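Residue numbers (my numbering), protein chains in the order written: chain A, -15 to 242; chain B, 2 to 169; chain C, 14 to 778. The block underneath contains the structure these notes are about, expressed in C-alpha cells.
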Amino acid sequence: MIGNTRPLAAPVAGTALLRTTRLTKIFHGDGGTVHAIRGVDLSVARGEFVAVTGPSGSGKSTLLHLIGGLEPPTSGEIWLDDHRIDGLSQARWAVLRRRHIGFVFQFFNLVSNMTVADNVELPALMSGASRRQAKARREELLAELGLAGKTRAAPGRLSGGEQQRVALARALANRPSILLADEPTGNLDSSNSADVLRLLGRVHDQGQAILLVTHEARAACLADRVINLFDGMVADDAAVLPPPRSSLAAAGVVRLTG
Amino acid sequence: MRLPLLALLAKEPAHGYELKSLLEQTFGQAYPSPNIGQIYVTLQRLEQAGLVRSQNVVQATRPNKRVYELTPAGRDALAAWVEEASDEPRVRDDFFVKLVLSPLTGATDRMALINRQRRHYLSLMRGLSRLAAENDRGNKVSRLLIEGAMLHLQADLDWLERCQEEFV
Amino acid sequence: MRAGVRWIRADLRARPGQALVVTLVIAGVVTALLLSATVLEGATNPWRGLFAQTRGAQIWMHLARGTDVRQLASIGGVTDVVGPYTTTAATLLQGPTQSPIELRAMTPAMPDVGRLLIRQGSWLNRAAPNGVVLEASFAQAVNATVGASLVIGGIDGPSARVRVVGIADTSDQGFYPDQTPGLVWVLPTLLRQVEPITRHTDELVGLRISDPADTSFVAQQAVAQLGGGDVREMSTWTQVEQSMARGDLLLGLLLALFGLVALGAAVLAIACVTGGRVLVQLQDLATLKTLGFTPAQIMGMVVAEHAALGLAGTAVGTVAARELTIPLLHGLPAAVLPAVAPLPGAWVILLGCGIELGVVLAVAVPGWRAGRVQPVVAVRRSPPAGRLSRLASAALLCRFPPAVVLGARAAFIRRLPAALAVGGLAVSMTLIMIGLGFVSTLDDVQQHPADIGLAAALTVGPGELNPAQASRIVYSDRDIATVYPCVSVSALLAAGTTTITTLAMGTSARPYPFHVAQGRLYHAPGEAVASQGLLDVLHLRVGELVPMQINGVPVIFRIVGRIIEPEYDGQVLAYGLDTLSQAGAAMPPVYYSLVLRGGIAPSVARAHLLARSSDRLDVAEAVDPASQLGIVQVMLNGVLGVLGLIGLSILLTASAVGLRDYLRDVGALRAMGLTPLQVMTSLVTSTTVLALIGVAVGALAGLVLSSRLVNAGAQAYGIGAGIGRPPSAAAIAIAVGAAAAAVAAAAILPACRAARMPIAAVLGP
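Right, dumping it as C-alpha cells:
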C-alpha cells in the first residue's frame, strides 16, 4: 500500500503550537462505516502557515473539523499549546474556540440576521470584552481588510469576496492562536480569491499561525509547508521550496510555438 | 520565435534592435529578454524561407541598418498561423514515462516520484505567484500569461492526483 | 452575556412579526385567564372581596334613636365603631312600581371603616343637596343610572325628586332583591326633608372586630350592654356572606377547566412556534457554536429571548385585562355577576408567574434541541432525502397525479417536525371540539333546566301567612302546574358523627321530578334518591341501604336512584314526605316547590302570587344557573377564539418550515418539466396533508372526549355524571370547515408565490 514517507519537517516536542498524534475518525452511516481519517500525525509551529491538500474524499475537511473541535475524534490525541484537547466536552471546546481558534469557511457562514459589525464583534463580546473594546477591535479589523464602509450592512447584501473578508475579520477578532481555513476561496471568483489569499499572506506575515485546507495549488503554494492527504492518511509533508531560478519567467512552462 | 517576429513586421518594417525592444515592451517580464543574436538568426532563416526580405538603409550620421519587411508569402504564412487552432501537448512526457516504468527501473517507489513532482510544481506555482504580485497591474498581456500558466499548473497537479489514485 | 443579548436583539429586529405573534398569544391567554379568574371570584364569592375593600364591619345594628353608642367601643374585641348613621324606611316611586328602600344619612367625608366602593359617578357632596347614591344591585334592579332622576317618598313626609350622583357597592347587606330594602345613601338634610319625624328614624351602628370568630359573642355582649329594647335589628357578616354567595359548582367547574385548557393550549402553541423558529435558525445557531457558544449558552439564549417575550405578553395581558374588566363585565346582570372587583395583586402576580413558568417550560425543549445542534459543517445542510417509498411508487403507478404524490411524500420526510405539526394541530382541534361540547352542554342546561334538577321554577314559603293560608293560595293558583310540598330535614348518620341535609320533596305517589341519571325515582316510602357527592362521601352505591336518624327516629332508606343536583354542594338525599310520616317523624311541609305551566315566566307567576297574598307570601325564583352560565358562554367564546388563534399560529409555522424544506426540490421538479399548476398542487399538498391529518385526528378525539370530560368533572365535583353533551352537528361542521379553510389558505398563498418564482432563484444556494 502506501509507503511510509518520512515527513521532512519532523515536529520537535514542545515547540509545536498544534500537534496531533494518530488522529482517527470513523463515520458510521447507512452505507456502512467510512474511515475518513486514519492515524494522522501533523504539527503546526507558532507562526507557521501549513496547507493541507488532497483529492476530494481524502478527509481534508474532516481533519480540520476534528482539530477545531467541531467533531469528536474516534481516537488519537490533539495537543494545542501542550494542552491535550481531544477529550473535551462540547462546552469546554466552545470556550477554547472562543479564544484560541479562528474559523473561515468556504460558504462564509456569517450569522444572517446580524449586521457586519455585530458579526465581527461577537467573538470579542463572548470572551468578556466590553462593548467599547469590541467596537474598537472591530473598527481596526474592518479598516485593515478594506470594509470600513460596510459596518451596518446585512451579510446577504454583500458580494462573496466581501463576505469572506468579514468572515476573516471575525476569525481574527480575538487574535487566535491558530486560524483554521476550510477552502476559503472555494466559493469566490479569481480576483476575489486573489484578494483573500493576499490577506491571508499578510496576516501570516504578522505572525498568525494558519492551517489551510484547499484543493487549489495557488492557495497551497503560499504556505510554509504543504501536507498532502490521501485516503485519510498523510502522503507527503514537505516545505514549499523556493522556485528554481531558471524558470523565473514563464519560459519553463509555456512555450510559444514558432 | 518565428511567428512573433512575422506578426510584429506585419505592422511595419523594422530592424533588429527595434524588434528586440518591441518584444520586450509587448511581453514584459513574462518573456525572457530576447537575445539580439537569436533575433538576427531567426530573421535570416525567415529570409531564406522567403517570408521576409531585407534592405540596407543608408543613414547619414549612423552606421547602416538592415530593415526587414514582410513578403506576400510571409503574409500568407502569418494568416495561416492565425487561422489554425493551437495544439500544445501538455503531457509531461518524461515524468509520465518515469512513473510508468518505475518498477522496472528499480528507482524510488511511485509515491516518492509523485511527491517529488508535486513539490516541484508547488514551488513553480509559488514563483508564478510572486511574479503575479510583482507584475504591474496595467500589463494585461503579462497577467494573462501568468494566469494561463497557473491554470495549466493546477491541471497538472490535478492530473497528478489521478495518477496517485490509479497507480498507488 | 453580552454576546447572547446581541443575538437576541438582532433576532428580534430581523423577525419582528414572529416575536409579535408569540407576545400576542401570551397576552391573549393572560387576559383570558385574568378575566375568568375575576369572574370566578366575583361570581362565587363576592363578599370577601367587598369586605376587604370596604374595610367593613362584621356586625350591624339598627338602634333606637338616641341610644348611647360610646360604650360599644369598650367591648372586648371591637376595634372600630362605625356610625351612627341616621336611617329611615322609605319608598322609591317609579310609575306604578314601589320599591322599599332604606335611606342612610352620611356625610360627604367617606369614613375610614365601613367604606363604600364608588363604582360609577361620585360620592355625596354638599353642592348637590338632592343627590343620592344607590347601592349597585338595587340600581341595577330598578334600572337607575348616574344622572337619573328619581322620586323618593317617605312614610310621613312629602316625596322628593332626587338625582343619582353615584352607584356604590357595600358589604353591609346582601344583594337586592334577595335582601330588601334597597340601600340609598343621602345627605342628612335630604333625609330630614323626606322623613321629618325623628321618631321614625333609627341609628345604624357597625362594629368592626379583630377576630371574626368572636362575632356572635361580641354581638351578644353588645345587646346586653345596650339593653334589648334599643336594638331593633342586627345582622352579622355570616348572614351577608351567605346571602351573597353563589355556591355554583357548575360555574366553578367549567371555569376551572377552561383555565387549565387555556394554559395548556398556550404552552403547546408557544412550544410549537418556538420549535419552528429554532428550526429556521439552525444554520445561524450552528455558526454560533463554531464561534464558541456552549450548548448551555444557546439554550439559555433561546429560553431568555422567549421568557422576555413572555414577560412582555404577560404585562400587556395584565393591562388589557384591567382595562377590559369594566367594559366587558360590568354590563352583565347583577344576578350573574354581583360584584366586579379587580383581582387582588397577589392573584395577578401568581397567575403571571404561572404563565411565565409555562412559557419557560414550553421553550425549554426547543431550546435544548437548539443547544444540541451540530456546529457548522462546511457543507450546506440539505433536507434529508428518502427513497421513494413503496406506497408512493404504487400511487404513481396507479396514475395518481404525480404532483399530489410528491407533495404528500415531501410532507413526511422530516419525521419530527411532521409529528410536531400534526400533534399541535390535533391538540388544538381537540380542545376546540371540547370547547364546543361545553357550549352545547350549556345550551342544553339553559333549555332543559329540568335535566339538572331544576324542574321547579319557584319556591314558596309561608312568609307572614300561616301554613294553611299559604297552602290554599298555592294550590289554587292557575299558573301552577304541580305543587310539591317540601321540607328540609337534618339527618344523623347511624354512626352518629355526621349530619347531612335531606330533602323530603313531594310524596312517593308524586315524587319531585329530579333528573335521574341512574336507577329511578322513589315510588314507595323508604325509597330515596341521592346525588353523586353524597354517594361518594358515604361510600354507597345505588341499591344499597343506609340507616339514619331523623329527629331521634331511626329510618332506613334504600337508595333507588342517582340524581343530578348541583345545589347543596352535591350532597343530597331526597325522598317522599310520606316516608317521614310512616317512620313516625312526620313533619308538615315548610315550603313548596312549584312547577309552572308551560309558557309562563317565573317572574310573572311570582308577581301574581305576591299580589294574591298582598306581598305576605315569600316567593323566590329558583336560582337559574343558565343566567349565571351566560358569563361562561361569553368566556367560552373567548377561549374558542384564542384556541383558533393558537391553531392558526401552529399551522403557519408548520407550513413555513415545510415549505422551506421542499422549495429546493421544487426547483428541480420545475426544471424537469412540472407545470406551475402542478408545482402549486404539490406544494399545497405537502403543507395541507399534515395539517388535515392533525385537524381530523383532533376533531375525532375532541368529539369522543368532550362529553366524557364534562361528565368526569361533574362526577368529581359531586354533581353527578350525565350532563355532558357532544357538540351540535352544525358546530362541528363550522369548526372543521373553518379549520380546513385556514389550512388551505395557509398553504395556497405561499405556494402561489413559490410557483411563480424564477427557477434559478429557487435552485440557487
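For every residue, glycine included, the Cβ atom is placed at its ideal position computed from N, Cα and C. Since the model is a prediction, treat every value here as computed from it, not as a measurement.
Along the length of the stretch 193 to 235 of chain C, whole alpha helix (DSSP H) runs at least 4 residues long occupy 201 to 207, reported in chain order. The Cβ neighbour count for B:D77, taken over all protein chains shown within 10 Å, is under 16; the residue is labelled exposed. For B:R163, there is no enclosing beta strand (DSSP E); the residue is found in the alpha helix (DSSP H) stretching over 141 to 168. The C-beta distance from A:T8 to A:R22 rounds to 6 Å, short enough to fall under 8 Å. Collapsing the DSSP output to three states places A:E146 in a helix. Close to A:N212, with beta-carbon spacing below 8 Å, are these residues of chain B in chain order: N116, R119.
With a cutoff of 8 Å on beta-carbon distance, C:S162 and C:F64 are scored as not near each other.
The DSSP-derived three-state label of C:E148 is strand. Judged by pairs of C-beta atoms under 8 Å, the stretch 596 to 616 of chain C does not touch the stretch 435 to 454 of chain C, as fewer than three such pairs exist.
For C:G707, the CB contacts under 6 Å within the same chain, skipping 5 residues up- and downstream, are V435, L438, A439 in chain order.
Residue range 586 to 588 is occupied by the beta strand (DSSP E) that includes C:Y588. Counted as a single uninterrupted DSSP element, the alpha helix (DSSP H) harbouring A:K44 occupies residues 44 to 51. Distance from C:M442 to C:G715 at the Cβ level is roughly 6 Å; contact confirmed, criterion being Cβ atoms closer than 8 Å. Ranking C:V617, C:T515, C:I613 by CA distance to the CA of C:I572 puts C:T515 first. Under a 10 Å Cβ-count criterion, C:S49 is classified as buried, with 16 or more other Cβ atoms of the shown protein chains found around its own Cβ. DSSP, reduced to helix, strand and coil, places C:Y604 within a strand of the structure shown. Contact note: C:P388 reaches chain A through L54, using a C-beta cutoff of 7 Å and chain order.
Fewer than three beta-carbon pairs drawn from the stretch 277 to 288 of chain C and the stretch 239 to 259 of chain C are found closer than 8 Å, and the two stretches are therefore not classed as touching.
DSSP, read as helix, strand or coil, puts C:Y525 in coil.
Under DSSP, A:N212 takes part in a beta bridge, and its partners are A:T37, A:D220. Here C:A764 is near C:V697, since their CB atoms are less than 8 Å apart. Segment contact: the stretch 37 to 53 of chain C against the stretch 330 to 337 of chain C, three or more CB-CB distances shorter than 8 Å; contact assigned. Rounded to whole angstroms, C:V82 and C:L106 show a C-alpha spacing of 34 Å. Close to C:A23, with beta-carbon spacing below 8 Å, are these residues of chain A in chain order: V95, N97, M98, T99, D102.
Under the 8 Å criterion on CB atoms, A:F87 is classed as interfacial with respect to chain C. About 6 Å separates the CB atoms of C:T100 and C:L116; that is less than 8 Å, so the two are in contact. Nearest C-alpha to A:S111 among A:L183, A:V79, A:D179, A:T99: A:V79. In its chain, beyond the 5 residues on either side, no residue has a beta carbon closer than 7 Å to the beta carbon of C:N650. Nearest CB-CB separation between B:S22 and chain A: not below the 8 Å threshold.
In this structure, A:V88 sits near A:A155, with a CB-CB distance shorter than 8 Å. Contacts with chain A at 8 Å (Cβ-Cβ) include B:Y122. Contacts with chain B (Cβ-Cβ distance below 7 Å) from the stretch 191 to 210 of chain A involve E200, A201, R202, A204, C205, L206, V210, listed in chain order.
Counting of Cβ neighbours within 10 angstroms places A:G52 among the buried residues, the total reaching 16 or more.
According to the DSSP assignment, A:Q90 belongs to no beta strand (DSSP E), since it is labelled neither H nor E. Each residue's CA atom was taken as its position, placing C:L76 and C:L217 some 6 Å apart.
The beta carbon of A:A222 falls within 8 Å of a beta carbon belonging to chain B, placing the residue at that interface.
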